[in-house]
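Residue numbers (this note's numbering), protein chains in the order written: chain A, 8 to 326; chain B, 8 to 326. Below you'll find the structure, written out as structure tokens, and then a few comments.
Protein chains: 2
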Amino acid sequence: MGDADVLDVLVSEVGPRDGLQSVQRAMPTAAKVEWIRALAAAGVREIEVASFVPAKLLPQMADAEEVVRAARAIPALTVLALVPNLKGAERAVAAGAHKLTLPVSASRQHSMANLRRSPEQAIDEVARVCALRDALPRDRRVGVEANVATAFGCTLEGRVPEDWVIEIAVRLARAGADAVGLSDTTGYGNPAQVRRMFARLAREIGAERVGGAHFHNTRGQGLANVVAALDAGVKTFDSSQGGIGGCPYAPGASGNIVTEDLVFMLEAMGLRTGIDIERLIAARAIVADALPGEPLYGHLPDAGLPKGFAPATARPRES
Amino acid sequence: MGDADVLDVLVSEVGPRDGLQSVQRAMPTAAKVEWIRALAAAGVREIEVASFVPAKLLPQMADAEEVVRAARAIPALTVLALVPNLKGAERAVAAGAHKLTLPVSASRQHSMANLRRSPEQAIDEVARVCALRDALPRDRRVGVEANVATAFGCTLEGRVPEDWVIEIAVRLARAGADAVGLSDTTGYGNPAQVRRMFARLAREIGAERVGGAHFHNTRGQGLANVVAALDAGVKTFDSSQGGIGGCPYAPGASGNIVTEDLVFMLEAMGLRTGIDIERLIAARAIVADALPGEPLYGHLPDAGLPKGFAPATARPRES
């Protein structure tokens, strides 16, 4: 594994947050930390380790501070935390997160159901979090990424107008977000739409501020959407080990894209992720042991690597 | 549903052949015919209905003649039959198939194991089948498509040199095949390779002679590979209802891409397949009834269509 700057694509693991928050049982803190360490040891450079929501809403995330502190001690790992609001951001910063991610739902109904506020109010909250960031001393500066949820459709509203999604993204960039990503919260997105929307996002806010693509595999389109997003220049993809996870407020929307299958695809395409696939697959055992009976998804772990497979990360870089 | 010429993409259903030949039990002939009729009624325009191999090798295909004759009676359906050799081609032509497809494996080891002959011998056999075609009276003329199997790698040999795959495709075109497709028999392909290989194929034999793309979903890359192939100009995709099927001689290679998920993706992308998704999904019941306990795959049938989904086929065409 080389330095982070030699990566072609950043795989941002969201299993410990998006995955675990959709599982009824809480994974013990020690297991979370073991899992995060194993992922980092496999070469994962960024992990969304926790969500700073009130523990009464998501008891699975009650140990967010402890998990962030432990993850923070892992070298060369960017520790990402989801924060729904300023209060969550203050907690995450105090715990030592490197980067905060805030969801802003483009669907008004989903926004009210999920965050109990309008998209406009959610954008204002992002502005407040950016002000918090700007007030921090330089050596404690954090990154702020905003993510437009239900950007490709909503189980409650159906189609979400693309102009409105882009308008929200532009407002988030103006509010000070370092990067703005798009999330297919409901698994509604298709490759043509994904390519069009990310290309438009880059034109509107600048390619350097385009954040991650967050796809769900609800209708089996997850990796197809990744191919389209790559074409549009996207460099960061969310995924979760074993494909666990989903949005508890979007009925039918279950399952992030599977990290193992994503990393295999990218490496096979010649794109360096920095991740060792064998070690990544080995980390599944930690999840299986800590949450017995919980389904783990993924084709690659069953089928195995192709004979003679040469991952991009292991190849010497052409100069 | 309009005429075949308004399709943007042809989905060539291979379940009754590729799917059923990998299932141990034979589906009763009446159920096969009912399934083929239901698929055609849903708007599927081309179905690979049988394989003309000796019945002692594949008892599931012992009724190939009967199935072809029944399928031939369905209006607006192209009846495709797999034929391993001249003898199979003669049988398929006598039964009334519109089009023959011949596999030629690029992997020498796979070719010997699967067809008991070398790639060169298999190309010679395609030439003989083309001579048979040319000798038929005009009103009984059939199409001959050749398919390069293990074009993206082989479970026995590992990497298959891309130059060799293209060389075989060129020889097949010279031998007289009307179209030449590429098959990812083993589920080894990745989107970068798929795009590169199909683009190269079109340059070498002409875009109008590029046949179908046949992908397996062994490692979850099936639809991602379709997106890449679309970019390279491919217009025909093989898939099987419920994702049943695979190559019995390639260990670990199971499962064609799922027709339901493929059609959903294409229609969502604005590409007309002519297929009614609801009627397509309804046809699964015939397979489930005829082969109880046989696993049927697919994300869309479980998740359902997105709220407000507007398939391309149902939209008025912009002129």
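Cβ coordinates follow ideal geometry from the N, Cα and C atoms, glycine included. Every value quoted in this text rests on a predicted model; they were computed, and no experiment measured them.
**Report entry** Where ILE175(A) sits in the DSSP three-state scheme
**Finding:** helix
Q. Using a beta-carbon distance below 8 Å, is ARG226(B) in contact with chain A?
A. yes
Note to self: Closest to VAL56(A) by C-alpha separation, out of PRO23(A), ASN224(A), VAL294(A), would be which residue?
What the structure shows: PRO23(A)
Could you check the C-alpha separation between ALA45(A) and ARG76(A) for me, to the nearest Å? 16 Å
Q.
Per DSSP, what are the beta-bridge partners of PHE222(A) in this structure?
A. Bridge partners of PHE222(A): ASP191(A).
Selection from LEU143(B), THR157(B), PRO144(B), MET34(B) that minimises the alpha carbon distance to ASN121(B): THR157(B)
Quiz item: Three-state secondary structure (DSSP) at THR266(B)?
Solution: helix
query = Does the Cβ-Cβ distance between VAL51(A) and GLU20(A) come in under 8 Å?
reply = yes
Where does ASP309(B) fall in DSSP's three states? helix
field: Interface residues of chain B facing ALA166(A) [CB-CB closer than 7 Å]
entry: What sits at residue 166(A) in the sequence shown is Arg, not Ala. In chain order: GLY315.
Integer Cβ distance of MET119(A) from GLN228(B), believed to fall under 8 Å: About 38 Å separates the beta carbons of MET119(A) and GLN228(B), which is beyond the 8 Å limit, so they are not a contact pair.
Checklist entry - Near ALA206(A), what residues of its chain come up, given a Cβ to Cβ distance below 6 Å and the 5 sequence neighbours on each side ignored? => result A distance below 6 Å between beta-carbons, with the five flanking residues on each side excluded, links ALA206(A) to the following residues of its chain, in chain order: ALA239.
**Study point:** Per-residue DSSP class, three states only, for LYS314(A)
**Key:** LYS314(A) falls in the coil class under three-state DSSP.
Look up ALA153(A) in the DSSP assignment and say whether it is helix, strand or coil. strand
**Q.** When ASP283(B), PRO82(B), VAL155(B) are compared against ALA186(B), the one with the closest alpha-carbon
**A.** Of ASP283(B), PRO82(B), VAL155(B), the residue nearest in Cα terms is VAL155(B).
Where the stretch 270-292 of chain B meets chain A: residues whose CB sits under 7 Å from a CB there:
PHE271, MET272, ALA275, MET276, GLY277
Just to confirm my understanding: we take ALA71(B), look at its own chain, exclude 5 residues before and 5 after, and list those with CB closer than 6 Å. What are they? ALA57, PHE59
Check your understanding: How close, in whole Å, do the beta carbons of ASP191(B) and HIS223(B) come, if the pair is a contact with beta carbons under 8 Å?
Key -> Their Cβ separation, rounded to whole angstroms, is 6 Å, which keeps ASP191(B) and HIS223(B) in contact under 8 Å.
DSSP beta-bridge partners of LYS106(A)
Looking at the DSSP assignment, LYS106(A) forms a beta bridge with LEU87(A), GLY150(A).
Original post:
From PRO255(A) to SER112(A), what distance separates their C-alpha atoms?
Top reply: Residue confidence for PRO255(A) is low, a pLDDT of 47 falling below 50, so the modelled location carries little weight and cannot support an answer.
Check: If the cut is a Cβ gap below 7 Å, which residues of chain B does GLY194(A) touch?
Finding: ALA310
ask   = If you draw a straight line from the C-alpha of ARG286(A) to the C-alpha of ALA49(A), how long is it?
value = 5 Å
Checklist line | Cβ shell of GLY95(A) (< 7 Å), same chain only, five flanking positions each side left out | finding: PHE59, VAL60
**Report entry** PHE159(B) versus LEU14(A) - alpha carbon distance
**Finding:** 25 Å
Practice task
Taking 8 Å as the threshold, find out whether the stretch 191-204 of chain B comes into contact with the stretch 192-206 of chain A through three or more Cβ pairs.
Solution key: no
DSSP-derived helix/strand/coil call for ILE54(B): strand
**Asked** Using the beta-carbon of each residue, which ones in chain B are nearer than 7 Å to LEU307(A)?
**Response** ARG226, GLY227
Considering only C-alpha positions, which residue in the set GLN31(A), GLY281(A), PRO35(A), GLU53(A) is nearest to LEU64(A)? Among GLN31(A), GLY281(A), PRO35(A), GLU53(A), the Cα nearest to that of LEU64(A) is on GLN31(A).
- What's the gap between the Cα of GLY300(A) and the Cα of ALA37(A)? A direct Cα-to-Cα measurement between GLY300(A) and ALA37(A) gives close to 19 Å.
Less than 8 Å separating the beta-carbons of PHE244(B) and VAL18(B)?
Taking 8 Å as the Cβ cut-off, PHE244(B) and VAL18(B) qualify as a contacting pair.
### Query
With 16 other CB atoms within 10 Å as the buried threshold, where does ASP170(B) fall?
exposed
- Item | Contact set between the stretch 173-207 of chain B and chain A, restricted to residues whose Cβ is under 8 Å from the partner | THR193, GLY194, TYR195, ASN197, PRO198, ALA199, GLN200
For ARG148(A), collect the residues of the same chain with a Cβ closer than 6 Å to its Cβ; drop the 5 residues on either side in sequence, then sort them by chain order. Excluding residues within five positions, none has a Cβ falling inside 6 Å.
- Message: By the three-class DSSP mapping on this structure, what secondary structure does ASP25(B) have?
- Response: It is helical.
- Excluding the 5 residues preceding and the 5 following GLU211(A) in the sequence, name in chain order all residues of the same chain whose CB lies nearer than 7 Å to its CB. ILE173, ALA176, VAL177
Pick from GLN248(A), ALA78(A), ALA275(A), LEU312(A) that is closest to ILE293(A), judged by C-alpha positions: GLN248(A)
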